[in-house]
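J.: Taking this note's numbering, the leading residue of the sequence shown gets 1, the next gets one more, and so forth.
Glycine included, every Cβ here is placed at the ideal spot set by N, Cα and C.
The structure displayed is predicted, hence computed values, not measured ones.
Sharing a structure below in structure tokens format, with a few things to ask.
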Amino acid sequence: MLITRDRMVCLGVLALSIFAWIESANYPEEARVFPRLILLGMFAMNFVILAKSFFAAPPDDGPFIQNPRNFTLIVVGIACYIVGLSQLGFFTATILFMLVFSFVVGYRHIPQLLVVTALFAAFLWLVFVKVFKRPLPPEFWQQ
1 MLITRDRMVC
11 LGVLALSIFA
21 WIESANYPEE
31 ARVFPRLILL
41 GMFAMNFVIL
51 AKSFFAAPPD
61 DGPFIQNPRN
71 FTLIVVGIAC
81 YIVGLSQLGF
91 FTATILFMLV
101 FSFVVGYRHI
111 PQLLVVTALF
121 AAFLWLVFVK
131 VFKRPLPPEF
141 WQQ
């Protein structure tokens, strides 16, 4: 059986999703609904991509990681974001991550980037703070 990138990534995401599903059983009942809805979406999309990988033409034999520099930047950026969540707060870390990370990987349309970042942060605030009333890591000025 030919293992393609899509299949490898799908199997990895499925394994992570199954682990997250099992871990979410430890959450209080009202808190586990949203993560499990997201996980169901991940399962569904993964199965679609996995099924497509069996019927689509096999990809070329190019390298698994197309751009090692960008891959390294992604891994380092995500690690910095995770550390920044506890040090800076959820919204500060998210806004900084979106702005800096987009610029680093080559996106240069600054006005559009600022608008999208502001709208995304506002959407996150609305969903998690107002609708779900879930505590997020406090901002650095609130600690």
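Taking the straight line between their C-alpha atoms, what separation do you get for residue 142 and residue 47?
T.: Here residue 142 is taken as the residue at index 142 of the sequence shown, counted from 1. Here residue 47 is taken as the residue at index 47 of the sequence shown, counted from 1. Each residue's Cα considered, the two are about 42 Å apart.
J.: Can you tell which of 43, 114, 107 has its C-alpha closest to the C-alpha of residue 14?
T.: Here residue 14 corresponds to residue number 14 of the sequence shown, with the count starting at 1. Comparing Cα-Cα distances from residue 14 to each of 43, 114, 107, the minimum goes to 43.
J.: Who are the Cβ neighbours of residue 21 in its own chain at under 6 Å, not counting the five residues just before and after it?
T.: Start at 1 with the first residue of the sequence shown, and residue 21 comes out as number 21. Hits under 6 Å: 39.
J.: Could you tell me the alpha carbon to alpha carbon distance between residue 125 and residue 136, rounded to whole angstroms?
T.: The residue labelled residue 125 in the question sits at position 125 within the sequence shown. The residue labelled residue 136 in the question sits at position 136 within the sequence shown. Approximately 10 Å between the Cα atoms of the pair.
J.: Do you know offhand how far residue 10's Cα is from residue 35's?
T.: One-based indexing of the sequence shown puts residue 10 at position 10. One-based indexing of the sequence shown puts residue 35 at position 35. Going from the Cα of residue 10 to the Cα of residue 35 covers about 19 Å.
J.: When you compare only the Cα positions, how much space is there between residue 55 and residue 66?
T.: For the purposes of this step, residue 55 is taken as residue 55 along the sequence shown, with counting starting at 1. For the purposes of this step, residue 66 is taken as residue 66 along the sequence shown, with counting starting at 1. Straight-line Cα distance between these residues: approximately 23 Å.
J.: Since residue 121 and residue 91 are thought to touch, with beta carbons under 8 Å apart, how far apart are those beta carbons, to the nearest angstrom?
T.: Against the sequence shown, residue 121 aligns to sequence position 121. Against the sequence shown, residue 91 aligns to sequence position 91. Sure, about 6 Å apart at Cβ, within 8 Å.
J.: Helix, strand or coil for residue 132, going by three-state DSSP, please let me know.
T.: By 1-based counting over the sequence shown, the position of residue 132 is 132. It is coil, neither helix nor strand.
J.: Using the rule of at least 16 other Cβ atoms within 10 Å of the residue's Cβ for burial, across every protein chain shown, is residue 94 buried or exposed?
T.: Counting from one through the sequence shown, the residue named residue 94 turns up at place 94. Flag for residue 94 reads buried.
J.: With burial defined as no fewer than 16 other Cβ atoms inside 10 Å of the residue's Cβ, what is the status of residue 103: buried or exposed?
T.: In the sequence shown, residue 103 corresponds to position 103, counting from 1. Under this definition residue 103 is an exposed residue.
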